[in-house]
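Residue numbers (my numbering), protein chains in the order written: chain A, 1 to 665; chain B, 666 to 847. We put the CB at the ideal spot given by N, CA and C, even for glycine. To start, the structure under review is shown below, and the notes come after it.
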Amino acid sequence: MQLELGVVGSAAAFLAFAVALYGAVAGVLGASRRDPRLVTSARLSAVAGFLVATVAIVVMESALLTDDFSVSYVAQHSRISSPVWVKVVTLWAALEGSILLWAWLLSGYTALVAAVAALSPLRPWAIAVMQGVQTFFFFVLAFLANPFKVLPNPPLDGPGPNELLQNHWMMAVHPVLMYLGFVGLTVPFAYAMAALITRRPGAEWMVLTRRWTLAGWGFLSAAIVAGGWWSYEVLGWGGYWAWDPVENVSLMPWLTATAFVHSVQVQERRHMLKPWNVALILTTFALSVLGTFLTRSGVVSSVHAFGSGPVGPAFLAFFVIVVLVSFGLLAARWEDVKDRAELDSLVSREGAMLGVNVLFLALAFAVLLGTLFPLVVEAISGDRVTVGPPFFDQVTLPIWMLVLLLMGIGPLLPWRKAEEQSLRSNLAWMLAGLVVAGGLAWALGVRKLYPALTVGLAGYNVVSLGLLLAGALVPRMRLAKRPALQVLRSYAHENRRRVGSMVVHFAVVVIAVGVAFSAGYRVDEQVRLDIGGSAEFEGYTLTATELFVDPTAARVSAGVLVEVRSGDRFVTTLRPRINVFPGSNRGIPTPAVLYRPSHDLYLSLNSNVAPGTTFVVLRVVKSPLVTWIWVGGALLALGTAYALGGSTRRVAARVSVPAAAAREA
Amino acid sequence: MKRQGLLLTVLAVALLGGLFAYGLLRGEPDRDIPTALKGKPAPAFELPVHEHYVNQFGETLSLEELEGRPLVVNFWASWCAPCYDEAPVLQAYWERYEDTGVVFVGVQTQDRGKRAEGRAFIDLFGLSFPNVVDDDSAVSVDWGLFGVPETFFVSRDGVVLDKHVGPVTPQVLDAQLAALLR
């Protein structure tokens, strides 16, 4: 008898669970008894677990690519006529597969930590914690959401993945980035737990995981921006963020992780905020589990949640355990973790970092509140309510403005205490930047509060970055007597973290301006166009020239060719259309976008197209500066990558300095 | 601080955990979509018959022809995995209930151009009750289908008594057929 793929996949899932469980138990026993053989065995099992999980992934991909409908997941979510790339990404198009991907990435990170992380008393415990988390994911995969069930009567074809997901190649990118982010932030979480367990709450665990943290944060940031662009390209309303619960649960861990990325520096430099940092990373991890629970249990209603199933209670139980164990441990170790140093002055780098931390936590709290509020109301009064963009905008916009304000001044402040004079002159320059930029925007007709304020703050931040760069370069130029560009290059090479953070801050400014204008000055209209007829929209002439039908094996597109003219000048022809995938009656409107630096023109078909159709209804959106959000997102990823790159030696050198640990103790 | 922290943690977890447990237990009212057809006449149709049954029923089968007999109308598609689970159940109940006067009708829907696959589906399970093809899915729209499989129970006088979303089980068919034949 031929060995069925489903059987092999199930076996791999069960084995991965067993290996992870063994690794967690052996790791805990080995670390607590200081038994090097057990510790090594646990470490090797991390690599073994990754190999077994890889087998499961390979089996699932082969089943998807060979249309093996005896495998339940393939039968439920794949289709023979789908293009190859859709079959590949179908792996994470539904619940069970996404858990498989998550578990596999986690096992990969664990194996990587086991293989490359520097030797330290924390490492065995950190690997054990990661294996513990992995045990949970493989438990869910093997016992509750097994995608490898063998169907006795395999269907001849399947329905294919959710149409919205096959409609855009972003499906191949965004979810993977998201999981890489979430899973990446498991590493600092595991090290923080290890630090609590071993009573070594100094900077050691943060220094060891600095790159992991930054990489995880970078992936998560990129995932959020990519997700925004995806929904912009796919959902047909010309927006990119709707404060939907699924979006919110990805934002919350990002907010606390962002706070963490900043406040770790305070502990590294000033040995302060120890309990705060531990609490932040515990919260970040707990929030990522919470988000997984919320999106996979159907507890909050959302436009793009996964279907519910038996995994809801499991994730709830896991969330409760994670919070109880991690925060319980923090409370139990409080005496070790407590800060001894005190803030010298609020007007200092650490003061600004603390301030920005408070702001990010306030944002996270507001988002959490808005996301859970409907559930609370329903639990108390039974009424079903929704909390929408007005709440989130009103509450978070002022806080975002304060974030921009602090982002400008913080990096210019020295540690401990700022000198009044240099602070004053810096602030004067920056406020001048604020007034000039804001005034310019006002003169150009920007009369809305938040867009005008954002432009002002953007000017203020650009001045701040200029001052920062000048402060670093001018003395070096004087000293080296070399031209500015050369000095800049060597400075950027020697200070990757600092320069990377400047790039990231600049990217944030770019994104902020893009958001402010695309949200504040968006024009959104329904336009009826006869075939052959024209309509005016915001200085454009839109002409529906003809209908088209474009059938391929994977889908049938039907739409309208719209000629876009600006005055007498031909600009482009856009093809808004409706895609129908086989096995479904549902047409998926697929917008067409004209990307320009100053604004986008976005056309989405709102009516049916059939032979004999004499007119179409289009949703036409003009969105100013929206492209800069995606540009900023790319810049942010580049800045993070730059900060991560470069020699590992310095990091390694810092880690192996025992004096740092001794000073802590 | 130690005890306070612990207490706070437990309290927060209990509150959140309780809230989410409520969210899970409350179920999903959105999912259980009641049919607006319940108690109303079943929408008429006339559809081409799969060739297995042409000798017995002719080229097309209409709801009118079946008037006066209780009906079990099952919508399925060749790509639908749960349909493969319920097909043997339907066939077994058809064999058991055939003599009571009830008629099972299978409707292949949301499956345009897949008649051959439909034939293979019928052959696979040896379905002996009539199956028809809703090639442009118009009937599935008339009947307000939520997805496949979905099964409607229609009384002798042509009124929709109830419907079942998802694959039917022996328990569902036992209860529904008892009500239908009462």
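Query, Result
"Proximal residues of chain A, C-beta to C-beta of B:Gly-682 below 8 angstroms", "Leu-316, Phe-319, Val-320"
"Limits of the beta strand (DSSP E) - the one that A:Arg-577 falls within", "577 to 580"
"Residues that B:Ser-743 contacts on chain A, provided the C-beta gap is smaller than 8 angstroms", "Pro-155, Leu-156, Asp-157"
"Length of the line joining the Cα atoms of A:Gly-239 and A:Tyr-602", "10 angstroms"
"Residue range of the unbroken beta strand (DSSP E) whose run includes A:Leu-404", "Counting along the chain, A:Leu-404 falls outside any beta strand (DSSP E), though it belongs to the alpha helix (DSSP H) covering 389 to 409."
"Of the listed residues A:His-493, A:Leu-235, A:Ala-13, nearest to A:Thr-164 (C-alpha basis)", "The amino acid occupying residue 164 of chain A in the given sequence is Leu; Thr does not appear at that position. Cα-wise, what sits closest to A:Leu-164 is A:Leu-235."
"CB contact below 8 angstroms: A:Ala-331 versus chain B", "yes"
"Rounded Cβ spacing between A:Arg-577 and A:Leu-605 (contact assumed at less than 8 angstroms)", "6 angstroms"
"Contact set between A:Pro-313 and chain B, taken where Cβ atoms lie within less than 7 angstroms", "Leu-689"
"Segments of 4+ residues assigned as alpha helix (DSSP H) that fall wholly inside the region 151 to 182 of chain A", "163 to 166"
"DSSP beta-bridge partners of A:Arg-123", "In the DSSP output, where bridge partners are listed per residue, A:Arg-123 has none listed."
"8 angstroms Cβ cutoff, B:Ala-701 in contact with chain A", "no"
"Validate contact between the region 187 to 198 of chain A and the region 277 to 289 of chain A using beta carbons, cut 8 angstroms, 3 pairs", "yes"
"As assigned by DSSP and simplified to three states, the class of A:Glu-563", "strand"
"CB contact check: B:Leu-712 to chain A, cutoff 8 angstroms", "no"
"Pair within 8 angstroms by beta-carbon distance, A:Glu-525 and A:Thr-545", "no"
"Exposed unless 16 or more other CB atoms sit within 10 angstroms - verdict on A:Leu-220", "buried"
"Inter-residue Cα distance where the pair is B:Leu-736 and B:Phe-818", "6 angstroms"
"Alpha carbon of A:Ile-80 to alpha carbon of A:Trp-125, nearest angstrom", "46 angstroms"
"Beta-carbon proximity check, A:Ala-53 vs A:Ala-103, cutoff 8 angstroms", "yes"
"DSSP state of A:Gly-633 mapped onto helix, strand, coil", "helix"
"Within 8 angstroms of chain A by C-beta, residues of the region 769 to 788 of chain B in sequence order", "Gln-775, Asp-776, Arg-777, Lys-779, Glu-782, Ala-785, Phe-786"
"CB contact check: A:Gly-6 to chain B, cutoff 8 angstroms", "no"
"Cβ-based burial, B:Thr-774 [other Cβ within 10 Å; buried from 16]", "buried"
"Cβ shell of A:Gly-559 (< 7 angstroms), same chain only, five flanking positions each side left out", "Phe-548, Arg-575, Pro-576, Arg-577, Ile-578, Leu-605, Val-609"
"Those residues which DSSP pairs with A:Gln-526 across a bridge", "A:Arg-619"
"6 angstroms Cβ shell around A:Trp-237 - same chain, five flanking residues per side excluded", "none"
"Identity of the residue in B:Gly-809, B:Val-772, B:Ala-785 nearest B:Val-714 by Cα", "B:Val-772"
"8 angstroms Cβ cutoff met for A:Glu-204 and A:Arg-270", "no"
"Contact check, A:Ala-75 vs A:Pro-161, beta carbons under 8 angstroms", "no"
"Pairwise C-alpha distance: A:Lys-87 and B:Asp-827", "37 angstroms"
"Per DSSP, cross-strand counterpart(s) of A:Val-113", "According to DSSP, which records beta bridges pairwise, A:Val-113 is partnered with nothing at all."
"Contact belief for A:Gly-500 with A:Gly-639 at Cβ below 8 angstroms, rounded distance in angstroms", "5 angstroms"
"Start-to-end residues for the alpha helix (DSSP H) that takes in A:Lys-338", "A:Lys-338 -> no alpha helix (DSSP H), and no H or E assigned at all."
"Residue-level contact to chain D via CB, B:Tyr-749, 8 angstroms cutoff", "In the displayed structure, chain D is absent; the protein chains listed are A and B."
"A:Pro-121 beta carbon less than 8 angstroms from that of A:Arg-200", "yes"
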